[in-house]
Every structure is written in C-alpha cells, then in structure tokens.
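Residue 1 is where the sequence shown starts when you use the working numbering, and the numbers rise one by one after that. Cβ atoms here follow ideal geometry from the backbone N, Cα and C, with glycine treated the same way. Written out below as structure tokens is the structure these notes cover.
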Amino acid sequence: MRILVTGFEPFGSDSENASGETVERLRERWSDPVIELVTAILPVSFAGAPARLGELLAEHRPDAVLALGEAGRRAAVTPERGARNLVDARIPDNDGAQPRGVPIDDGPERRAARFDVDAMVEAIRAVGVRAEASDDAGGFVCNRIAYELARSELPGGFLHVPAVRSRGVATVGAETGGTAGAGTGAADASALGFDELAHAAEAAVRSLAEGVAAR
Numbered sequence: 001m002r003i004l005v006t007g008f009e010p011f012g013s014d015s016e017n018a019s020g021e022t023v024e025r026l027r028e029r030w031s032d033p034v035i036e037l038v039t040a041i042l043p044v045s046f047a048g049a050p051a052r053l054g055e056l057l058a059e060h061r062p063d064a065v066l067a068l069g070e071a072g073r074r075a076a077v078t079p080e081r082g083a084r085n086l087v088d089a090r091i092p093d094n095d096g097a098q099p100r101g102v103p104i105d106d107g108p109e110r111r112a113a114r115f116d117v118d119a120m121v122e123a124i125r126a127v128g129v130r131a132e133a134s135d136d137a138g139g140f141v142c143n144r145i146a147y148e149l150a151r152s153e154l155p156g157g158f159l160h161v162p163a164v165r166s167r168g169v170a171t172v173g174a175e176t177g178g179t180a181g182a183g184t185g186a187a188d189a190s191a192l193g194f195d196e197l198a199h200a201a202e203a204a205v206r207s208l209a210e211g212v213a214a215r
C-alpha cells in the first residue's frame with residue numbers, strides 16, 4: 001500500500017510551518033514493510049497547491065492521501081470531517097493572491113472527507129496526543145486542499161495540527177483554521193513539539209491504512 005502525506009511550506013512572516021515540519025519528521029521515522037510512505041511539501045498557494053497535488057497523484061498513484069496543515073488557534077490535532085466549497089483568505093497566500101468569498105466549483109456547499117474521522121481521532125488519542133474531530137477547515141489554502149481531496153475518488157482527507165514552533169509563537173497560524181476544535185489556544189499548543197506531532201501523524205497514517213485495507 002502506498003500513502004501520500006503532504007504538509008505545507010512556511011508562509012507570511014513565519015520561518016516554519018508545523019505541518020511541513022511534522023511531515024519531515026514522519027518521513028525520517030517511518031519504517032513499515034507493508035505501507036510505503038511518500039511525502040511532499042505543498043506551496044501555500046491557492047493555485048499552486050492543487051496543481052502540485054495533482055502532479056503528485058499522477059506521479060505516485062497512491063492508494064490514499066493524508067494532507068496536513070497548521071491551525072494557530074487549535075491546541076489539538078484535528079482531523080477534518082470535510083471541506084467548504086469556498087475560499088476566503090484573510091491574508092494573501094505566498095503568491096500574493098487573496099480571494100474573498102469565492103466558490104471553488106459549482107458543486108455542493110460542503111463535501112465530506114473520504115476516511116473514518118472518528119477512528120483517526122481515537123488512534124491519535126491512543127498514542128497520547130490530544131485529538132478532536134473538526135467541522136471547519138477554515139477558508140485558506142488548507143480548506144482548498146481539503147476540498148480537492150474530498151471531491152477526489154481516493155480515500156483520505158485533511159488533518160490540522162497546532163501551529164507550534166521550535167522557538168517563539170506563530171504569527172500567522174491563526175489565519176489557517178476555522179473555529180471548530182480550537183481548544184484553548186497557543187499556550188496549550190506550546191506543550192506539544194514536532195516529535196509529538198509526528199507521533200500523531202504516524203498514528204493517523206496507520207488508521208487511514210487500516211480503513212483502506214478494510215475496504
């Protein structure tokens with residue numbers, strides 16, 4: 001089984017993106033004779049991220065996909081139940097684009113994720129990391145990718161991680177997520193590190209793989 005896992009590059013004035021750092025650590029620690037892990041970092045771009053995701057899907061032909069992004073107002077790892085058919089950027093992306101209130105396509109208002117969200121939440125909690133299901137992927141590039149995956153035919157979806165930093169606090173992470181699963185804020189998120197997030201991501205990947213195998 002081959003699973004593609006993506007994170008995002010830094011954006012705004014931050015030099016790190018917790019999702020990208022998590023994916024790098026996940027790649028370094030991954031060892032499994034059955035599940036082949038393919039990792040990549042997406043640009044924080046409304047146009048570039050879906051295009052790069054499409055290239056990765058064509059190149060690697062994965063059996064499932066898990067995309068990670070960061071949410072600055074959340075203190076838990078939050079698998080998303082779906083995505084909104086809307087982009088609404090409170091800040092520009094890394095290309096300078098800032099669409100406000102624009103539908104992604106002419107489809108439904110929301111699309112559901114293609115994995116067992118509750119099972120993933122329990123798998124992450126089982127390794128000692130706080131996790132909650134989320135009903136709001138925000139309006140930034142994270143939601144754009146979550147929607148892209150929800151309208152695909154592949155199992156998988158989107159996972160937000162708290163916007164932790166190796167030093168200091170995130171300056172723009174709060175722009176990326178909605179309000180659901182917000183937890184109690186950055187102070188709680190600071191108790192987590194990249195290693196804990198990588199541990200949670202590993203549990204999430206294995207949960208996704210179990211769901212694919214069960215099909």
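Whose CA, out of GLU148, VAL129, ARG130, lies closest to the CA of ALA137? What you label residue 137 is simply residue 137 of the sequence shown in a count that begins at 1. Per the C-alpha coordinates, the member of GLU148, VAL129, ARG130 positioned closest to ALA137 is GLU148.
Extent of the continuous beta strand (DSSP E) run through ALA83: Residue mapping note: residue 83 aligns to position 83 of the sequence shown, counting from 1. 82-84 is the span of the beta strand (DSSP E), which, as asked, contains ALA83.
Beta strand (DSSP E) segment containing GLY7, residue limits: On the sequence shown, residue 7 is found 7 positions in, with the first residue counted as 1. Here the beta strand (DSSP E) through GLY7 covers 2-8.
Span of the beta strand (DSSP E), counted from its first residue to its last, around GLY101: Working through the sequence shown from its first residue, we reach residue 101 at position 101. It is not in any beta strand (DSSP E) - GLY101 carries neither H nor E in the DSSP assignment.
Alpha carbon to alpha carbon, how far is VAL169 from SER13? As a first step, residue 169 must be located in the sequence shown, where it is residue number 169. As a first step, residue 13 must be located in the sequence shown, where it is residue number 13. Each residue's alpha carbon lies about 11 Å from the other.
How far does the beta strand (DSSP E) with THR39 in it extend, from its first residue to its last? By one-based count along the sequence shown, residue 39 stands at place 39. Looking at the DSSP string, the run of the beta strand (DSSP E) that includes THR39 is 36-42.
Classify PRO50 as helix, strand or coil using the three-state DSSP reduction. To locate residue 50, count along the sequence shown from 1; it is residue 50. DSSP places PRO50 in helix when its eight states are reduced to three.
Whose C-alpha, out of THR171, LEU154, ARG110, is nearest the C-alpha of VAL5? Taking the sequence shown and counting its residues from 1, one reaches residue 5 at position 5. Of all alpha-carbon atoms in THR171, LEU154, ARG110, the one lying nearest the alpha-carbon of VAL5 is that of LEU154.
Leaving out the 5 sequence neighbours to the left and right, which residues in its chain are closer than 6 Å to ALA146 when beta-carbon positions are compared? Locating residue 146 in the sequence shown gives position 146, counting from the first residue. Excluding sequence neighbours, ALA146 sits near GLU80, ALA83, ALA137, PHE158.
Assuming GLY139 contacts ALA89 (C-beta within less than 8 Å), just tell me the rounded distance between them. As a first step, residue 139 is located in the sequence shown; it is residue number 139 there, counting from the start. As a first step, residue 89 is located in the sequence shown; it is residue number 89 there, counting from the start. Right, the Cβ-Cβ distance comes to about 7 Å (below 8 Å), so this counts as a contact.
Tell me, please, whether the stretch 113-129 touches the stretch 22-34 by the rule of three or more beta-carbon pairs shorter than 8 Å. no
Is it true that the CB of LEU66 sits closer than 9 Å to the CB of ALA201? Numbered from 1 along the sequence shown, position 201 holds the residue referred to as residue 201. Numbered from 1 along the sequence shown, position 66 holds the residue referred to as residue 66. Closer than 9 Å, so yes.
Count the other C-beta atoms from every protein chain shown that fall within 10 angstroms of the C-beta of ALA198, then say buried if there are 16 or more, exposed otherwise. Along the sequence shown, read from residue 1 onward, the residue named residue 198 stands at position 198. Flag for ALA198 reads buried.
If contacts are defined as beta-carbon pairs under 8 Å, then ALA18 and VAL164 qualify, I think. What distance do you get, rounded to the angstrom? Start at 1 with the first residue of the sequence shown, and residue 18 comes out as number 18. Start at 1 with the first residue of the sequence shown, and residue 164 comes out as number 164. The pair is a contact, with the Cβ atoms about 5 Å apart (cut-off 8 Å).
Near SER207, what residues of its chain come up, given a Cβ to Cβ distance below 6 Å and the 5 sequence neighbours on each side ignored? Residue numbering aside, residue 207 sits at position 207 when the sequence shown is read from its first letter. Counting only Cβ-Cβ distances below 6 Å, and skipping sequence neighbours, we find ALA119, MET120, ALA123.
Would you report the Cα separation of SER45 and PRO162, rounded to the nearest angstrom? Here residue 45 refers to the residue found at position 45 when the sequence shown is read from its first residue. Here residue 162 refers to the residue found at position 162 when the sequence shown is read from its first residue. Looking at the two C-alpha atoms, the distance is approximately 20 Å.
Using the Cα positions of VAL129 and ARG100, report the straight-line distance between them to the nearest angstrom. Along the sequence shown, read from residue 1 onward, the residue named residue 129 stands at position 129. Along the sequence shown, read from residue 1 onward, the residue named residue 100 stands at position 100. If I take the Cα positions, the gap works out to 34 Å.
Beta-carbon spacing of GLY156, ALA112 below 9 Å: Locating residue 156 in the sequence shown gives position 156, where the first residue counts as 1. Locating residue 112 in the sequence shown gives position 112, where the first residue counts as 1. Contact: no.
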